[in-house]
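K.L.:
Residue numbers (the working numbering), protein chains in the order written: chain A, 1 to 261; chain B, 262 to 535. Beta carbons are placed, not taken as given, at the ideal position from N, Cα and C, and that holds for glycine. The following block contains the structure, expressed as structure tokens.
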Amino acid sequence: MSVVAIEKLTKQFAQGNVVALQDIELAIEPGEFVSLIGPSGCGKSTLLRIIGDLIQPTSGTVMVNGKPAPRARADHDYGIVFQDSVLFDWRTVSKNVALPLELLGWDRARRKTRVDEMLALVELQGFGDHQPWQLSGGMQMRVAIARALAFEPPLLLMDEPFGALDEMTRERLNMELLRIWEASKSTVVFVTHSIAEAVFLSTRAVVMSARPGRIADIVEIDLPYPRGAATREEPRYFELVTQVREALHLGSDLDRAVADV
Amino acid sequence: MSSQPVAVAPVPRGALSQRVGRRALDWLPALVVLVVVLVVWQESIALLHIKRFLAPQPSAIASTFWDDRGELLRAGWFTFQEALGGFVVGSALGILAALVLARWPRLSRALMPYAIAASAVPIIAFAPITNAWFSPFGKTSKIAIAAILCFFPVFVNTLRGLTSVRPSSIELMRSYAAGEIDIFRRVRIPTALPLTFTALKIATVLSMIGAIVGEYFGGDFNALGVLINSRSATFAFEEAWAGIGVACAFGIAFYLVVAGLERVALRGAPSTED
Chain A
1 MSVVAIEKLT
11 KQFAQGNVVA
21 LQDIELAIEP
31 GEFVSLIGPS
41 GCGKSTLLRI
51 IGDLIQPTSG
61 TVMVNGKPAP
71 RARADHDYGI
81 VFQDSVLFDW
91 RTVSKNVALP
101 LELLGWDRAR
111 RKTRVDEMLA
121 LVELQGFGDH
131 QPWQLSGGMQ
141 MRVAIARALA
151 FEPPLLLMDE
161 PFGALDEMTR
171 ERLNMELLRI
181 WEASKSTVVF
191 VTHSIAEAVF
201 LSTRAVVMSA
211 RPGRIADIVE
221 IDLPYPRGAA
231 TREEPRYFEL
241 VTQVREALHL
251 GSDLDRAVAD
261 V
Chain B
262 MSSQPVAVAP
272 VPRGALSQRV
282 GRRALDWLPA
292 LVVLVVVLVV
302 WQESIALLHI
312 KRFLAPQPSA
322 IASTFWDDRG
332 ELLRAGWFTF
342 QEALGGFVVG
352 SALGILAALV
362 LARWPRLSRA
372 LMPYAIAASA
382 VPIIAFAPIT
392 NAWFSPFGKT
402 SKIAIAAILC
412 FFPVFVNTLR
422 GLTSVRPSSI
432 ELMRSYAAGE
442 IDIFRRVRIP
452 TALPLTFTAL
462 KIATVLSMIG
472 AIVGEYFGGD
482 FNALGVLINS
492 RSATFAFEEA
502 WAGIGVACAF
512 GIAFYLVVAG
522 LERVALRGAP
532 STED
């Protein structure tokens with residue numbers, strides 16, 4: 001059974017009659033790491049939010065773990081990470097990670113055990129009692145990832161989580177994310193506008209184009225795991241980067257052709 | 262009534278004395294200004310032959326205060342109780358109204374224009390009216406005017422805090438299938454607290470103003486506003502000034518208590534201390 005199964009999905013925003021997404025068909029299998037990549041305005045973040053039942057589609061169906069998306073949300077089937085880490089200033093790092101566990105009604109002892117495990121997973125042991133604003137941007141993002149994975153959701157949705165970070169931090173966090181993904185065995189849907197990031201991380205890169213937002217191509221990333229710094233220097237890595245780039249340009253050429261008509 | 266708010270957290274002995282020492286040093290410039298102002302005031306009145314009814318000497322005010330301290334402090338306490346009552350009632354209603362309007366934004370769109378218009382009204386002008394609504398000699402009329410004064414800043418600030426939550430925070434909570442009550446408890450209310458406390462501090466001042474001005478239009482024989490009013494009318498200016506001093510002391514103490522509560526409630530927030 002697919003973790004995410006999207007059929008004939010269309011999203012039209014009421015204001016301005018904008019077609020954000022058109023005829024999206026996509027199936028994501030358990031354990032996959034799927035990137036949604038495309039220019040701004042291609043609807044990749046909208047698609048992520050529709051999978052997460054934060055936005056309602058205009059037509060079509062979205063099934064998560066064989067259930068309609070609203071049911072999956074109610075069942076706590078996914079964790080989400082935004083570009084902004086969305087940590088609450090009035091909570092310590094530990095309490096931020098514990099937030100979903102509180103909402104699930106876990107008792108204090110169980111919460112503490114899990115929070116300690118999660119902080120160890122993202123290598124932030126000893127920072128539990130810090131306030132979020134005392135941490136660097138990269139550390140804040142690791143706290144957000146720990147929070148999203150704390151209740152072991154089968155699906156992790158990430159909306160340009162490293163978009164606001166510098167290149168060095170981003171590359172380090174990319175490697176950490178792969179390590180966490182392999183350890184947690186969850187399925188990841190990852191929105192990005194970085195070709196390098198999409199190729200380095202994903203099992204598949206879903207290339208999208210804009211106006212209307214649609215899937216232009218799906219590139220299988222057949223680089224072996226575990227991937228590391230050396231992966232970025234392999235010929236196959238460059239071939240795949242080129243392939244994704246060409247798919248993106250083909251998509252935008254299509255845009256222009258449509259605009260000319 | 263002169264006790265300073267004490268340090269909240271237990272601190273090692275050496276560190277505490279260091280802290281107190283640093284505190285004292287922080288306050289030194291302000292203390293110097295106070296002493297200079299009092300000395301200049303005291304001396305200029307004698308030197309320039311300023312009439313007693315314009316401004317008595319601080320030393321005369323102080324000695325009058327000492328002679329009448331029982332009556333003055335009783336009057337101050339009486340008026341402070343009215344202010345406190347108005348503060349509690351007005352702030353509670355303000356917070357409650359903000360919670361209701363934040364929960365039902367449609368209601369907010371209907372009512373906010375009037376709330377904003379009402380908050381621009383010089384409410385103190387209603388003081389004689391509240392005296393007519395309730396007995397002018399009882400506490401209720403002063404509590405009413407103080408409550409109306411406190412209501413608007415607390416209401417407007419709290420509502421702004423409750424509704425200025427980042428959309429991504431709400432999306433995060435919704436992704437956990439959190440309900441409205443959880444979103445209020447864990448996101449909206451903590452976001453609003455700093456703004457609410459700012460308003461509460463303003464409200465302490467407003468409540469004292471409301472109670473005293475209300476008393477100018479009539480009140481209990483024991484009330485501070487009545488005392489200040491009647492002493493000025495009978496040329497007992499030193500006593501009137503001493504009454505004003507007592508009003509200031511109660512007002513400042515009230516403010517400091519709420520500021521202290523704010524520090525306790527908002528510890529950990531980036532704005533309080535570094």
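(1) Measure from the C-beta of TYR375/B to each C-beta in chain A and report whether the shortest distance is under 7 Å.
(2) Pop quiz: ALA20/A and THR61/A are said to be a contact at Cβ under 8 Å. What is the actual Cβ separation, rounded to whole angstroms?
(3) Skipping 5 residues on each side, what residues in its chain have a beta carbon closer than 7 Å to that of MET262/B?
(4) Take VAL466/B and list the residues in its own chain whose beta-carbon comes closer than 7 Å to its own, dropping the five residues that flank it on each side.
(5) For ASP84/A, decide whether its Cβ has a neighbour in chain B, counting only Cβ atoms nearer than 7 Å.
(6) What would DSSP say about MET158/A, mapped onto helix, strand or coil?
(7) Less than 7 Å between CB atoms is the rule here; does PRO271/B satisfy it with respect to chain A?
(8) Is the shortest distance between the beta-carbon of ALA388/B and the beta-carbons of chain A less than 7 Å?
(9) Flag this pair as yes or no: are the beta carbons of GLN56/A and ASP159/A separated by less than 7 Å?
(10) Determine which residues of the stretch 98 to 113 of chain A have a Cβ less than 9 Å from any Cβ of chain B, and write them out in chain order.
(11) Tell me the DSSP secondary structure of PRO383/B in three-state form.
(12) Which residues share a DSSP beta bridge with TYR78/A?
(13) Could you tell me the boundaries of the alpha helix (DSSP H) in which LEU346/B lies?
(14) Could you have a look at ALA285/B and say whether DSSP puts it in helix, strand or coil?
(15) Are ILE221/A and VAL188/A touching if we call contact CB-CB under 7 Å?
(16) Who are the Cβ neighbours of ALA148/A in its own chain at under 7 Å, not counting the five residues just before and after it?
(17) Check whether the stretch 399 to 417 of chain B touches the stretch 340 to 347 of chain B, counting contact only when three or more Cβ pairs, one atom from each stretch, lie closer than 8 Å.
(18) Just to confirm my understanding: we take ARG114/A, look at its own chain, exclude 5 residues before and 5 after, and list those with CB closer than 7 Å. What are they?
(19) Does the separation of the CB atoms of VAL93/A and PHE127/A fall below 7 Å?
(20) Quick one: grab the DSSP three-state call for MET63/A.
(21) Can you list the residues of chain B that LEU280/A reaches, using a CB-CB cut of under 7 Å?
(22) Less than 7 Å between CB atoms is the rule here; does ARG73/A satisfy it with respect to chain B?
(23) For TRP90/A, would you say it is in contact with chain B, using Cβ-to-Cβ distances shorter than 7 Å as the test?
(24) Taking only the alpha-carbon atoms, compute the straight-line gap between ALA453/B and THR10/A and give it to the nearest angstrom.
(25) Take every Cβ of the stretch 179 to 193 of chain A, pair it with every Cβ of the stretch 104 to 118 of chain A, and state whether three or more of those distances are shorter than 8 Å.
(26) Output yes or no for whether 7 Å exceeds the beta carbon distance between ALA74/A and VAL64/A.
(27) Hey, PRO70/A and ASP53/A are a contact pair by Cβ (cut 8 Å); roughly how many whole angstroms apart?
(28) Do PRO317/B and GLU500/B have their beta-carbon atoms positioned less than 7 Å apart in this structure?
(29) Span of the beta strand (DSSP E) holding VAL206/A?
(30) Quick one: using the 10 Å Cβ neighbour count with 16 as the cut-off for buried, is ARG49/A buried or exposed?
(31) Over the uninterrupted beta strand (DSSP E) stretch that includes SER35/A, give me the two end residues.
(32) Mind checking if VAL261/A is an interface residue toward chain B, Cβ cutoff 7 Å exclusive?
(33) Please decide whether ALA453/B counts as near chain A, where near means a Cβ-Cβ distance under 7 Å.
(34) Hey, is the stretch 351 to 359 of chain B in contact with the stretch 484 to 504 of chain B, meaning 3+ C-beta pairs nearer than 8 Å?
(35) Quick one: which chain A residues come within Cβ less than 7 Å of ALA460/B?
(36) Under the rule that 16 or more other beta-carbon atoms within 10 Å means buried, what is ASN490/B, buried or exposed?
P.N.:
Once the coordinates are examined:
(1) no
(2) About 17 Å separates the two Cβ atoms, so there is no contact after all.
(3) In this prediction, MET262/B has a pLDDT of 38, which is less than 50 and means its spatial position is unreliable; nothing more can be read from the coordinates.
(4) GLY512, TYR516
(5) yes
(6) DSSP places MET158/A in strand when its eight states are reduced to three.
(7) Residue placement at PRO271/B is poorly supported in this model, since its pLDDT is 44, which falls under 50; the coordinates are not used for a value here.
(8) no
(9) Between GLN56/A and ASP159/A, the C-beta gap is not smaller than 7 Å, which leaves the two residues out of contact.
(10) Per Cβ criterion, the list reads LEU99, PRO100, GLU102, LEU103, LEU104.
(11) coil
(12) DSSP output for TYR78/A lists LEU155/A as bridge partner(s).
(13) It should be pointed out that residue 346/B corresponds to Gly in this sequence rather than to Leu. That run of the alpha helix (DSSP H) goes 330 to 364.
(14) helix
(15) no
(16) Scanning its chain for C-beta atoms nearer than 7 Å, with the 5 sequence neighbours on each side dropped, one finds around ALA148/A the residues GLY79, ILE80, VAL81, LEU156, in chain order.
(17) yes
(18) LEU101, ALA150
(19) yes
(20) strand
(21) Past the boundaries of the shown model lies residue 280/A; chain A is included only from 1 to 261, so the question cannot be answered.
(22) So yes, ARG73/A belongs to the interface.
(23) yes
(24) 38 Å
(25) The answer is no - the stretch 104 to 118 of chain A does not touch the stretch 179 to 193 of chain A, with fewer than three Cβ pairs under 8 Å.
(26) In this structure, VAL64/A does not lie closer than 7 Å to ALA74/A by Cβ.
(27) 5 Å
(28) No, Cβ-Cβ distance for GLU500/B and PRO317/B is not below 7 Å.
(29) Segment 204 to 209, the beta strand (DSSP E) holding VAL206/A.
(30) By the C-beta density criterion, ARG49/A is buried, having at least 16 other C-beta atoms within 10 angstroms.
(31) 33 to 37
(32) Because the pLDDT at VAL261/A is just 47, under 50, the model does not fix this residue reliably, and the point stays unresolved.
(33) No, ALA453/B does not count as interfacial toward chain A.
(34) no
(35) Residues of chain A with a Cβ closer than 7 Å to the Cβ of ALA460/B do not exist, since the nearest Cβ in that chain sits about 18 Å away.
(36) Buried, since its Cβ has 16 or more Cβ neighbours within 10 Å.
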